[in-house]
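Residue 1 is where the first sequence starts when you use our numbering, and the numbers rise one by one after that.
By construction, the Cβ of each residue, glycine as well, lies at the ideal position given by its N, Cα and C atoms.
Read through the structure below, which is laid out as structure tokens, and then see the notes.
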Amino acid sequence: MAKNYMFSSVRFSDFQKKVYRAVLSIPLGQVRSYSWIAKKAGRPKATRAVGTALKNNPFTILIPCHRVIKTDGSLGGYSGGLRKKRELLDLEKKIISSVKI
DNA sequence: GCGGGCCTTCATT
DNA sequence: AATGAAGGCCCGC
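Here it is, written out as structure tokens:
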């Protein structure tokens, strides 16, 4: 498994890197599904692995894992608590509408 | 709604 | 290093 050493003290697996990149590309106030991320990471069927990678995410501020939900529309899970996830999404929604006006 | 499949990580040995 | 278990899921029946 290839490792990335661009930051000496922080090492992420290749898969993880792709997942994070995909998640970072999600616009403010929008959401994508786990399968979408998996596809973007080159492993369309690795949906569960995506979940693991996101959970492992060290910086929830930098990586908006709350914008990732299940394909059926339900929230899925969140390591910081589903409540927080809902609140964040709601907040982003409000931000969007405020700015749009 | 339930059961099987897929892929990566983590903990043990 | 190898093996087993678990996890923020998805698809078909």
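Item, Value
"Contact belief for Leu-54 with Val-68 at Cβ below 8 Å, rounded distance in angstroms", "6 Å"
"Anticipated Cβ contact below 8 Å, Thr-60 with Gly-80, distance rounded", "6 Å"
"Under the three-state DSSP convention, the category Arg-43 falls into", "coil"
"Neighbourhood of Lys-85 by C-beta, 7 Å cutoff - its chain only, sequence neighbours within 5 removed", "His-66, Leu-75, Tyr-78"
"For Arg-32, three-class secondary structure by DSSP", "strand"
"The stretch 82-99 contacting the stretch 17-26, beta-carbon criterion three pairs below 8 Å", "no"
"When Asn-56, Lys-39, Arg-43, Lys-94 are compared against Phe-12, the one with the closest alpha-carbon", "Asn-56"
"C-beta contact flag for Phe-15 and Arg-48 at 9 Å", "no"
"Cβ distance (whole Å) where Lys-18 is taken to contact Lys-40 below 8 Å", "7 Å"
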